[in-house]
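Below is one structure, written out as structure tokens; the observations come after it.
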Amino acid sequence: MAHFLSLLPMVWPWLILMAAQISGVSGRQALGLTLLTVFGSVALALGLVTPLAAVIAAIGPLGAGMLHRLSGRVALLGHLALVLWSLALGAHLVPGFHNLLVLDQVQAGLDSTTFTLHLNLDKPLVLFAVLMVWPGMTRNALPTRVMPLVAGLTILPVLFLLGLATGAVRPEFGLPHWWLIFALANLFLTCLTEEAFFRGYLQSAIASKLGAPIAIAAASLLFGLAHFGGGPALVVFAAILGGACGLGYYATGRLWVPVLMHFGFNVLHLVLFTYPAPA
Numbered sequence: 068m069a070h071f072l073s074l075l076p077m078v079w080p081w082l083i084l085m086a087a088q089i090s091g092v093s094g095r096q097a098l099g100l101t102l103l104t105v106f107g108s109v110a111l112a113l114g115l116v117t118p119l120a121a122v123i124a125a126i127g128p129l130g131a132g133m134l135h136r137l138s139g140r141v142a143l144l145g146h147l148a149l150v151l152w153s154l155a156l157g158a159h160l161v162p163g164f165h166n167l168l169v170l171d172q173v174q175a176g177l178d179s180t181t182f183t184l185h186l187n188l189d190k191p192l193v194l195f196a197v198l199m200v201w202p203g204m205t206r207n208a209l210p211t212r213v214m215p216l217v218a219g220l221t222i223l224p225v226l227f228l229l230g231l232a233t234g235a236v237r238p239e240f241g242l243p244h245w246w247l248i249f250a251l252a253n254l255f256l257t258c259l260t261e262e263a264f265f266r267g268y269l270q271s272a273i274a275s276k277l278g279a280p281i282a283i284a285a286a287s288l289l290f291g292l293a294h295f296g297g298g299p300a301l302v303v304f305a306a307i308l309g310g311a312c313g314l315g316y317y318a319t320g321r322l323w324v325p326v327l328m329h330f331g332f333n334v335l336h337l338v339l340f341t342y343p344a345p346a
């Protein structure tokens, strides 16, 4: 807690962004967009984003809001453009976003590799665009399909066992002093955004055309490929994790289920194993 409080003079704008995210996924879209506008104004005033970056960031939600008016090939091209925009922001390919470095070459434990954490400005904006184009992701709750949910939850510990068997992780119990800033960034800026995009939007959109099995597989594969910067092993592990989260979303229709599965997996990785990998 002391570490987080020491960062508060620098990180407070992101608390506005997180409040906007909570509002958006809670169905209070107008409040979410208002808070997002406040956050954007603060970010511009503090020099965290350039005017050009702000314009590019605004294109996604504005364009997504008009997609429901399109049909046929034009709609398909619109969705493709939204996916490319989202991937560009998620991969930090758009210049002008000054993501704040809050952890620099720290170790979760003595046996862990060093770890760097930024509070991203660009990637979380994807959430607001996909909420505009697929609002049902936050209100299409289904009667729980028990077997797919059990299967998804079972995959998570199996994935840790696979990591131990291959040497991708080693046991290391501990809670670093920077856990709170890690938890907030991971839950809101990473897990919520990624699950909204890959499960709430992509999986739902593909399922509406090709069925749930193909949708879960395709979204999971794309989720794995989005982690290609970490190497082939990470692509495989991420794809398996994506499959687990995809089953959780399919089983319940509730976005918070894959979000908590993803976040819980990451927290257990941090607390029980070498993070992000053995030294």
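Going by my numbering, the first residue of the sequence shown is number 68, and it counts up by one from there. For every residue, glycine included, the Cβ atom is placed at its ideal position computed from N, Cα and C.
Alpha-carbon to alpha-carbon, residue j and residue i
{"i": "phenylalanine 164", "j": "methionine 214", "result": "43 Å"}
{"i": "phenylalanine 304", "j": "phenylalanine 265", "result": "16 Å"}
{"i": "leucine 292", "j": "valine 302", "result": "6 Å"}
{"i": "alanine 274", "j": "proline 280", "result": "8 Å"}
{"i": "alanine 311", "j": "aspartate 189", "result": "26 Å"}
{"i": "glutamine 172", "j": "threonine 211", "result": "42 Å"}
{"i": "leucine 147", "j": "valine 334", "result": "33 Å"}
{"i": "leucine 194", "j": "proline 162", "result": "19 Å"}
{"i": "proline 345", "j": "threonine 233", "result": "12 Å"}
{"i": "valine 236", "j": "tyrosine 342", "result": "8 Å"}
{"i": "glycine 114", "j": "alanine 131", "result": "26 Å"}
{"i": "proline 191", "j": "threonine 260", "result": "6 Å"}
{"i": "serine 271", "j": "proline 128", "result": "18 Å"}
Residue i burial status per 10 Å Cβ neighbour count (16 or more: buried)
{"i": "glutamine 88", "result": "buried"}
{"i": "phenylalanine 240", "result": "exposed"}
{"i": "alanine 249", "result": "Before going on, a small fix: residue 249 reads as phenylalanine here, not alanine. Result: buried."}
{"i": "methionine 328", "result": "buried"}
{"i": "proline 325", "result": "buried"}
{"i": "threonine 257", "result": "buried"}
{"i": "valine 116", "result": "buried"}
Proximity to residue i [Cα-Cα], best of the options
{"i": "glycine 91", "options": "Asp189, Leu198, Ala282", "result": "Leu198"}
{"i": "leucine 269", "options": "Leu184, Leu308, Ala282", "result": "Ala282"}
{"i": "tryptophan 79", "options": "Phe330, Val105, Leu98", "result": "Val105"}
{"i": "histidine 244", "options": "Val236, Leu143, Ala175, Ala346", "result": "Ala175"}
{"i": "leucine 102", "options": "Gly309, Leu84, Thr221", "result": "Leu84"}
{"i": "lysine 276", "options": "Gly139, Leu254, Gly127", "result": "Gly139"}
{"i": "leucine 154", "options": "Tyr342, Ala263, Gly94", "result": "Ala263"}
{"i": "leucine 314", "options": "Val150, Ser287, Pro299", "result": "Ser287"}
{"i": "valine 225", "options": "Pro345, Ile307, Arg237, Leu160", "result": "Ile307"}
{"i": "serine 296", "options": "Gly99, Gly157, Ala120, Ala110", "result": "Correcting the residue identity first, residue 296 is glycine in this sequence and not serine. The option with the nearest alpha carbon to glycine 296 is Gly157."}
{"i": "arginine 95", "options": "Thr205, Gly267, Trp323, Phe330", "result": "Thr205"}
Practice task
Please go through the stretch 238-286 and give each complete alpha helix (DSSP H) segment of 4 or more residues, from N-terminal end onward.
Solution key: If you keep only unbroken alpha helix (DSSP H) runs of at least 4 residues inside the stretch 238-286, you get 246-251, 271-277.
Practice task
Determine contact between the stretch 210-230 and the stretch 313-327, defined as no fewer than three beta-carbon pairs at a distance below 8 Å.
Solution key: Verdict: yes, contact present.
Problem - Segment contact flag, the stretch 166-185 with the stretch 200-213, C-beta cutoff 8 Å, min 3 pairs - result: The stretch 166-185 vs the stretch 200-213: no contact.
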